[in-house]
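Quick note on numbering: the sequence shown equals residues 3 to 522 in the working numbering. Every residue, glycine too, gets a C-beta built ideally from N, C-alpha and C.
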Amino acid sequence: MTDNASTPGVEAMPPSTEVAPGVGQTLEVAEAEVTGPDVTESDVVEVEVAEPEVVEVEVAEPEVVEVEVAEVEVTAAPAAPVPSPKMFASRPRSSVAAAAPHTPSDSARFGRVGEDGTVYVQDGEGERAVGSYPGASSQDALQYFARKYDELYAAADLLHQRAGLAEVSSKDLADGLTSLRAHIGEAHVVGDLAALNALVDGVEREVAAKRQVESAARAAAKAAALTIREDLVAQAEEIAAQPLEKIQWKSSSETMRALLESWKEQQRSGARLDKESEASLWQRFSKARNSFDKARRTHFAELESTRGVARAAKERLVAEAERLAASTDWAVSAGAFKRLMDQWRTAGRASRAEDDALWARFKAAQDGFFAAKDAVVAAEDEQFRANLQVKLSLLAEAEKLLPVTNLEAAKAALRGIQDRWEAAGKVPRADVERVEKGLRRIESAIRETEDKKWRRSNPEVNARAQSLATQLEASVAKLEKELADATAAGNTHKAADVSAKLEAQRAWLDQARGGLAEFG
3 MTDNASTPGV EAMPPSTEVA PGVGQTLEVA EAEVTGPDVT ESDVVEVEVA
53 EPEVVEVEVA EPEVVEVEVA EVEVTAAPAA PVPSPKMFAS RPRSSVAAAA
103 PHTPSDSARF GRVGEDGTVY VQDGEGERAV GSYPGASSQD ALQYFARKYD
153 ELYAAADLLH QRAGLAEVSS KDLADGLTSL RAHIGEAHVV GDLAALNALV
203 DGVEREVAAK RQVESAARAA AKAAALTIRE DLVAQAEEIA AQPLEKIQWK
253 SSSETMRALL ESWKEQQRSG ARLDKESEAS LWQRFSKARN SFDKARRTHF
303 AELESTRGVA RAAKERLVAE AERLAASTDW AVSAGAFKRL MDQWRTAGRA
353 SRAEDDALWA RFKAAQDGFF AAKDAVVAAE DEQFRANLQV KLSLLAEAEK
403 LLPVTNLEAA KAALRGIQDR WEAAGKVPRA DVERVEKGLR RIESAIRETE
453 DKKWRRSNPE VNARAQSLAT QLEASVAKLE KELADATAAG NTHKAADVSA
503 KLEAQRAWLD QARGGLAEFG
């Protein structure tokens, strides 16, 4: 490229080369060397493609020809030398010179080309120069700068579209907007600058609105995270505050570990809290965990101590049970095993493994003793079955004494049956209660008959019964006279009262006379 700052015109360069936009592609523009008032290097718009429909615009390399802008003063002097073919004869031609013609841009209507080839754009009420395109027709020059405008407008519209996407953050939009404004600046383009600025201003308002929405969302997420953390702290404090005697250590420990994992997960993926709130909540959470852990360690230390005492006590019980297992003093040893079992229940708990092992030894000794005892009893029962038949015959004989008609004869017969009953010996254990209960029933019937006879023949009791009957008879006679007098006097109230008393006295008199009848 040749710097031609000494002349108002420079070598004409080929128009921009465009690549069809698409995902992962860019739209590349090569700017021609231009001249104009206070012209700086050509602007390049670069926009990152975020979605399939997004177009990125950047300077293509190395296919495009690098453009260098010479700052020259643009004047209307017609004496400026016109570029000639000889001037450009030694310069290589670009391969993009034969690129396909562009679709005419409507943005060109906002500019014009001066007689000296300078391109102007409408800017408010006036216009300003944007550069020139030597060697090109006025229409081509306008179209070149118009396409540059269209690229800027497309970039601004792309930001506008991305602002409507929820997944695009306000920071990303703000960064793109800053870059876009830097490219717009005093852009050397031809187009509706007012519309472009309005579009950019609209994007800026959308960015501000998105910031507010994001701020509200962050505040809501922070409030939700604070609520979750407070709930975790409250659960931890509730676990730590349980009475020691009611704590289920296994389940409570698992719950406390789960709460800690939830806290870590909130730190990794939840909204960040302010340092003061998080520090305060963590202090409470940590204090509850430490309190619970200290209580748990103390509990299990004490438990280990008491387990040692329980283990020693149960070892003594096991040794005694194993000693009794070989005993044949069935009644005494059976009672001893019952006492050992009561002591086992109050001895406390050793560790699970130790408890299980000691209990297995204790139960083996106990089962061995009672198995031997049951075997002996079973053998004895077999021998006692003949005795059972004898006692059943005696029981049938005793049944015939009821009802008692001759007390003395019944008593004598019962004594004989009882003597033979004792001589018959033992019966099987399963039948003991049945046969003994039958004989006791007959004995009770005869004894009751004897008691009744004694009561009837007791002079003292007979005298008391006679005295009671005499008193009741006198009382009844007196009440009968009072009832007759009250009735004669017409005193119905007194008559009713005396009548009720008389009825009760007569009932008692009947009972007293019945008692006298028992004495003959």
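Find the nearest neighbour of residue i within the set the options, judged by alpha-carbon distance.
i           : options            : result
residue 106 : 129, 115, 135, 147 : 147
residue 391 : 412, 430, 373      : 430
residue 137 : 150, 120, 265, 124 : 120
residue 410 : 421, 372, 453      : 453
residue 245 : 294, 156, 153      : 294
residue 276 : 225, 258, 155, 255 : 225
residue 440 : 401, 466, 335, 424 : 401
residue 332 : 367, 374, 354, 312 : 374
residue 397 : 306, 437, 362      : 437
residue 185 : 205, 171, 157, 216 : 157
residue 238 : 256, 387, 419, 434 : 256
residue 179 : 194, 169, 198      : 198
residue 339 : 353, 365, 359      : 365
residue 229 : 272, 444, 289      : 272
residue 389 : 134, 433, 166, 403 : 433
residue 451 : 483, 142, 207, 403 : 403
residue 192 : 516, 126, 315      : 126
residue 140 : 132, 168, 114, 213 : 114
residue 155 : 280, 167, 183      : 183
residue 281 : 235, 305, 243, 209 : 235
residue 213 : 175, 194, 511      : 175
residue 211 : 153, 173, 359      : 173
residue 188 : 123, 485, 421, 308 : 123
residue 159 : 499, 208, 330, 503 : 208
residue 231 : 181, 241, 287      : 287
residue 313 : 355, 289, 217      : 355
residue 363 : 326, 382, 421, 399 : 326
Using three-state DSSP, classify residue i as helix, strand or coil.
i           : result
residue 385 : helix
residue 286 : helix
residue 253 : helix
residue 320 : helix
residue 402 : coil
residue 157 : helix
residue 491 : helix
residue 167 : coil
residue 162 : helix
residue 516 : helix
residue 137 : coil
residue 508 : helix
residue 503 : helix
residue 351 : coil
residue 327 : coil
residue 189 : coil
residue 437 : helix
residue 379 : helix
residue 478 : helix
residue 392 : helix
residue 69  : Below a pLDDT of 50, predicted positions are generally treated as unreliable, and residue 69, at 33, falls in that range; the measurement from the model is reported next regardless. Three-state DSSP puts residue 69 in coil, outside helix and strand.
For the alpha helix (DSSP H) containing residue i, name the first residue and the last one.
i           : result
residue 120 : Looking at the DSSP string, residue 120 is not in any alpha helix (DSSP H); the run it does join, the beta strand (DSSP E), is 120 to 125.
residue 217 : 195 to 242
residue 337 : 332 to 348
residue 417 : 409 to 426
residue 108 : Neither: residue 108 is in no alpha helix (DSSP H) and is coded neither H nor E.
residue 183 : 172 to 186
Between which two residues does the beta strand (DSSP E) harbouring residue i extend?
i           : result
residue 128 : 128 to 134
residue 114 : 113 to 115
Quick check: the segment 247 to 256 against the segment 294 to 302, are at least 3 beta-carbon pairs closer than 8 Å? yes
Specify whether the segment 420 to 428 and the segment 463 to 475 touch according to this definition: at least 3 beta carbon pairs, one from each stretch, less than 8 Å apart. no
Sufficient close CB pairs (3 or more, under 8 Å) joining the segment 483 to 491 to the segment 505 to 514: no
Those runs of the alpha helix (DSSP H) which lie wholly inside the segment 260 to 314 and span at least 4 residues: none
Per the contact definition of three or more C-beta pairs closer than 8 Å, is the segment 341 to 349 in contact with the segment 317 to 332? yes
Is there contact between the segment 409 to 423 and the segment 366 to 381, where contact requires at least three CB pairs shorter than 8 Å? no
The segment 254 to 273 touching the segment 201 to 212, judged by at least three CB pairs closer than 8 Å: no
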